[in-house]
Amino acid sequence: MNGAEKPIDPEKEKRKIKSVGRMKDIMTHYYIEAKTADQTGKKVAWITSGGPVEPLIAMDVIPVYPENHGAMIGAAKMGVDLCEKAEAMGYAGDLCAYARADIACATVDGGPIGGLPRPDMLVCCNNICGTVLKWYEVQARYFKVPLFILDTPFSHTEYTREAHAYVRTQLDEYIAFLETQCQKKFDHDRLAEVGRLSMAGQRLWQQVLDTTVHRPAPMSAFDAFFHLALIVTLRGTQTVVDYYTELLDEMKTRVATGIAAVPDERYRLLWDNLPVWFRTRWLSDKFAAHSACLVADTYTSSWCGTLTYLDDSDFLGSMAQGYSRVYINIGTDQMADMVVDMVEKYSADGLVMHSNRSCKPYSLGQYDIQRIVQQKCGIPTLVIEADMIDARNFSESQITTRIDAFMEVLTGA
Amino acid sequence: MEAIQRLKDSCADSKAYARRWKETTGGRVIGTLCSYAPEELILAGGALALRIVGGSGSISKADAHLQTYSCSLVRGALDDALNGELDFLDGAIFPHTCDSIQRLSDIWRMNAKTGFHLDVVLPVKLNTQSARDYMTAVMRKARTDLEGVLEQTITDEDLQTAVDTVNGIRSAMQRLYKLRDDRPGAIAGSDLHAIVRASMVMDRNDFLSSLALVVDTLERKPEPGSTAAKRIFLSGGVCNLPDIYGVIESAGGAVVGDDLCTGSRGLTGLVDTGGDPMDAIADRYARRAICPAKHAGITSRGDDLVRLAKASRAQGVIFLFLKFCDPHAFDYPYLKSMLDAEGIPSLLVELEAQTASQGQFRTRCEAFMEML
Ligand code: SF4
Ligand code: SF4
Numbered sequence: 072m073n074g075a076e077k078p079i080d081p082e083k084e085k086r087k088i089k090s091v092g093r094m095k096d097i098m099t100h101y102y103i104e105a106k107t108a109d110q111t112g113k114k115v116a117w118i119t120s121g122g123p124v125e126p127l128i129a130m131d132v133i134p135v136y137p138e139n140h141g142a143m144i145g146a147a148k149m150g151v152d153l154c155e156k157a158e159a160m161g162y163a164g165d166l167c168a169y170a171r172a173d174i175a176c177a178t179v180d181g182g183p184i185g186g187l188p189r190p191d192m193l194v195c196c197n198n199i200c201g202t203v204l205k206w207y208e209v210q211a212r213y214f215k216v217p218l219f220i221l222d223t224p225f226s227h228t229e230y231t232r233e234a235h236a237y238v239r240t241q242l243d244e245y246i247a248f249l250e251t252q253c254q255k256k257f258d259h260d261r262l263a264e265v266g267r268l269s270m271a272g273q274r275l276w277q278q279v280l281d282t283t284v285h286r287p288a289p290m291s292a293f294d295a296f297f298h299l300a301l302i303v304t305l306r307g308t309q310t311v312v313d314y315y316t317e318l319l320d321e322m323k324t325r326v327a328t329g330i331a332a333v334p335d336e337r338y339r340l341l342w343d344n345l346p347v348w349f350r351t352r353w354l355s356d357k358f359a360a361h362s363a364c365l366v367a368d369t370y371t372s373s374w375c376g377t378l379t380y381l382d383d384s385d386f387l388g389s390m391a392q393g394y395s396r397v398y399i400n401i402g403t404d405q406m407a408d409m410v411v412d413m414v415e416k417y418s419a420d421g422l423v424m425h426s427n428r429s430c431k432p433y434s435l436g437q438y439d440i441q442r443i444v445q446q447k448c449g450i451p452t453l454v455i456e457a458d459m460i461d462a463r464n465f466s467e468s469q470i471t472t473r474i475d476a477f478m479e480v481l482t483g484a
Numbered sequence: 023m024e025a026i027q028r029l030k031d032s033c034a035d036s037k038a039y040a041r042r043w044k045e046t047t048g049g050r051v052i053g054t055l056c057s058y059a060p061e062e063l064i065l066a067g068g069a070l071a072l073r074i075v076g077g078s079g080s081i082s083k084a085d086a087h088l089q090t091y092s093c094s095l096v097r098g099a100l101d102d103a104l105n106g107e108l109d110f111l112d113g114a115i116f117p118h119t120c121d122s123i124q125r126l127s128d129i130w131r132m133n134a135k136t137g138f139h140l141d142v143v144l145p146v147k148l149n150t151q152s153a154r155d156y157m158t159a160v161m162r163k164a165r166t167d168l169e170g171v172l173e174q175t176i177t178d179e180d181l182q183t184a185v186d187t188v189n190g191i192r193s194a195m196q197r198l199y200k201l202r203d204d205r206p207g208a209i210a211g212s213d214l215h216a217i218v219r220a221s222m223v224m225d226r227n228d229f230l231s232s233l234a235l236v237v238d239t240l241e242r243k244p245e246p247g248s249t250a251a252k253r254i255f256l257s258g259g260v261c262n263l264p265d266i267y268g269v270i271e272s273a274g275g276a277v278v279g280d281d282l283c284t285g286s287r288g289l290t291g292l293v294d295t296g297g298d299p300m301d302a303i304a305d306r307y308a309r310r311a312i313c314p315a316k317h318a319g320i321t322s323r324g325d326d327l328v329r330l331a332k333a334s335r336a337q338g339v340i341f342l343f344l345k346f347c348d349p350h351a352f353d354y355p356y357l358k359s360m361l362d363a364e365g366i367p368s369l370l371v372e373l374e375a376q377t378a379s380q381g382q383f384r385t386r387c388e389a390f391m392e393m394l
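Listed in order, the protein sequences are those of chains A and B. Position in the first sequence (first residue = 1) + 71 = this note's numbering. Position in the second sequence (first residue = 1) + 22 = this note's numbering.
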């Protein structure tokens, strides 16, 4: 059916977020630029989603995110096929599906965009997990390119002086690494500027997410999953600042005119962990059918969660803390406190936790967080067993039953 | 041999041993969760380091805290802790290793009643100067933290004495490993496994004297060993199943070397003496054979494996991993292909700590030996 024949539902049309198109354009343009880097002479660095991208931007290196690509693979429902390929290569099926998909994709240039551009260097920051270390080692062997590891010690209960000194030193090593790879001097003034833009982008992203404190929420976590791509991939550029300024305006207008993400929003839920990329629409509809809106989540807010540690006037100096103290590099009890704060901030009536088979550092500990939230907030909670892109770990009937039962509790039906 | 039997008996039940030790000596027992736990510091503090390598039975209480996709070591250990089986501990030390142990530490701290809780957040990479400086700083902090929880000072002399003991153990173990390599079968695989287990449980000074006796006896009175058996090298993580050795041996193999976490890996590298003991201890932890959760170069583990397997003239390598163990599972394909390139065949065995399906393992082992 083409557009002309499609009956237009004006209600639905009104609720569509208009900035989506522009976002798609930006991402398309970004991937084209990345994929043609060999023709333009620009260098490409693959970097982990939690890694410090600002020095790359300051050096005119194009950052490429295998995890963002992993999300695209998931959304395109190509995860299972690539994961199976990795398993045939000898990688266990229990490993992170982003890693499996990426490792396989690199060898066949598969996926929705025909593979990622070849990296000139790899930048791995373990502030999200130990998996990325192993994954980037695999890619460093495969592509035979230099690997820089930014080791950000885990803060179980404290961010230690020792860890701070170590990370701070490594940031200088990172810069030296880039100078070697790019064969040019690092421009510290440029980094300061990129840092300011990065923080501006993060503040705007936080403001966008904060618009959902309004009832009804102008957007949902499912929208946030989509609009997240820019703060992850192009943080530190003017493009991001401009885009989120526009998105924020749109959200403000929606709040002013009462346009809701979920019509007749009656229940407000908080989501924990990565999205189930191959089922975002299905899940969104499922909850909306119960008049429930996922108003916030712990995942998309991770890319602006350490603003308090960052300093506009000394970005490089403050990066060590900003990057070490991200959401999943801290103790489970601290994470629970943050979830409790979010429940309060967004007036959530319930918590939905995605127990993500792929992601151990995010998922182990969830049961304890669940208990703490129940105790402190007295709200119902639900755990869904699934996976971010490996659809073999998703049982539709089981999850339907669980969501329905959960909503019954919530609505007191 | 009698000396081995005594060693085996004394710590067949490691928890019972530690409890007894505590009663008779009045000393303190500290549970450790990984081979990177700073043994020397614990010993210098007069305490007994008890390595926890899994649980004692089926899982009951841990399921409320850990998903089923965490490895059996992590789940088993937590289960024991929550069931009160480790209540005799005065504390627990969690070195930073894999993502699962990282979260286990949090869950343990929040729920278990095993005394004080110390995280030793080691560097993940070990091959740069700044990482080594951090290693030293972390070890110094661990010393101060230990002094705090034990309420006593750990002097440099205490450290030196502890280093001597631990170095003694590591050298004697090297001799034992060499002996096995020279004369496979001179000591049964399960006996060596029991000795390694004892090295992580027993009072270290007692252990050292028993060990010395064993090694001396073996070196003096050489048992013939078997020449017909296929020389097998074991590679992998935590192996807590003594029966594995029996299976390998009855299938016609003899284990001649290993890089297991519950094997040679924690026993490599001596602490230098003569200089500052803290620097020397940290240096040894940075230099020892690495765990796959750490980084010392993109092929460092593969290079080591090939070197060790060749040095021990292994005819085949058996990989032993726990299911859901990410660090090992990520390394397996490249380790295998590096062995392939050297013409060394290998077999992968995924273990569930308590329930290795022995029948299947036996069949696969036999087929593997036949192929060699
Ligand atoms: S999904 Fe989890 S395990 Fe995988 S790369 Fe991301 S943080 Fe690491
Ligand atoms: S076996 Fe693997 S997953 Fe389990 S604790 Fe050890 S390194 Fe971690």
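Backbone N, C-alpha and C fix where the C-beta goes; we use that ideal spot for every residue, glycine too. All of these numbers come straight from a predicted model, not from anything done at the bench.
- By the criterion of a C-beta distance shorter than 6 angstroms, CYS261 of chain B is surrounded in its chain by LEU282, THR284 and LEU342, once the five residues flanking it on both sides are discounted.
- Looking at the DSSP output, ILE115 of chain B bridges to B:THR54 and B:LEU140.
- If you ignore the 5 residues before and after GLY338 of chain B, its C-beta comes within less than 6 angstroms of the C-beta of ILE254, PRO367 and LEU394, all in its own chain and listed in chain order.
- When DSSP states are grouped into helix, strand and coil, PHE255 of chain B belongs to the strand group.
- Secondary structure of LEU305 of chain A (DSSP, three-state): coil.
- Taking 7 angstroms as the cut-off, one finds at least one heavy atom of ligand 2 near enough to the beta carbon of SER122 of chain B.
- Excluding five sequence positions before and after VAL269 of chain B, the CB atoms of its chain that fall closer than 8 angstroms to its own CB belong to GLN380, PHE383, ARG384 and CYS387, given in chain order.
- By the CB criterion at 8 angstroms, CYS33 of chain B and MET224 of chain B fall inside the cutoff.
- Ranking B:ASP141, B:ALA99, B:MET132 and B:LEU100 by CA distance to the CA of PHE116 of chain B puts B:ASP141 first.
- Taking a Cβ-Cβ threshold of 8 angstroms, the residues of chain A close to LEU88 of chain B are LEU435 and TYR438, in chain order.
- Rounded to whole angstroms, ALA336 of chain B and MET413 of chain A show a C-alpha spacing of 57 angstroms.
- Between THR187 of chain B and LEU230 of chain B, the C-beta spacing is below 8 angstroms.
- The beta-bridge partner set that DSSP reports for ALA247 of chain A is empty.
- Under the three-state reduction of DSSP output, PRO78 of chain A falls in the coil class, being neither helix nor strand.
- Of all residues in the segment 139 to 169 of chain A, only MET160, GLY161, TYR162, ALA163, ASP165 and LEU166 place a beta-carbon less than 7 angstroms from a beta-carbon of chain B.
- The alpha-carbon separation between ARG125 of chain B and GLN210 of chain A amounts to approximately 26 angstroms.
- Under the 8 angstroms criterion on CB atoms, LYS358 of chain B is classed as interfacial with respect to chain A.
- Boundaries of the alpha helix (DSSP H) harbouring ILE123 of chain B: 121 to 133, taken from the DSSP string.
- Positions of the alpha helix (DSSP H) runs, each at least 4 residues long and wholly inside the segment 201 to 277 of chain B, are given as 211 to 221, 226 to 242 and 265 to 272 in order along the chain.
- Looking at the backbone, the Cα of CYS347 of chain B and that of LEU153 of chain A are separated by about 21 angstroms.
- For CYS195 of chain A, the enclosing beta strand (DSSP E) starts and ends at 192 to 196.
- Rounded to the nearest angstrom, the gap between the Cα atoms of GLY207 of chain B and LEU327 of chain B is 22 angstroms.
- Secondary structure note for TYR39 of chain B: it is in no beta strand (DSSP E), and the uninterrupted alpha helix (DSSP H) holding it is 36 to 47.
- Shortest Cα-Cα distance from GLY76 of chain B to any of B:ARG50, B:VAL185, B:ILE64 and B:ASP35 involves B:ASP35.
- Per the Cβ contact rule, the segment 87 to 96 of chain B is not in contact with the segment 353 to 364 of chain A (fewer than 3 Cβ pairs under 8 angstroms).
- In the three-state reduction of the DSSP assignment, CYS364 of chain A falls in the strand class.
- For ILE79 of chain A, not one C-beta of chain B is nearer than 8 angstroms to its own C-beta.
- In the three-state scheme derived from DSSP, where H, G and I count as helix and E and B as strand, THR482 of chain A is classed as helix.
- Using a Cβ-Cβ cut-off of 9 angstroms, LYS447 of chain A is close to nothing in chain B; its nearest Cβ partner there is about 14 angstroms away.
- ARG205 of chain B is outside the set of residues whose beta carbon lies under 8 angstroms from a beta carbon in chain A.
- For TRP276 of chain A, the enclosing alpha helix (DSSP H) begins and ends at 259 to 281.
- For the segment 333 to 357 of chain B, the continuous beta strand (DSSP E) assignments of 3+ residues that do not extend past its boundaries occur at 338 to 344, in sequence order.
- Apart from the 5 residues on each side of it in sequence, LEU100 of chain B sits with its Cβ closer than 7 angstroms to the Cβ of ALA84, HIS87, LEU88, LEU126, ILE129 and TRP130 in its chain, given in chain order.
- Assignment of LYS205 of chain A by DSSP, reduced to helix, strand and coil, places it in the helix class.
- For PRO432 of chain A, the shortest separation between its Cβ and any heavy atom of ligand 1 lies below 7 angstroms.
- Sorting A:ALA407, A:SER434, A:SER395 and A:VAL115 by C-alpha distance to the C-alpha of VAL194 of chain A places A:VAL115 at the top.
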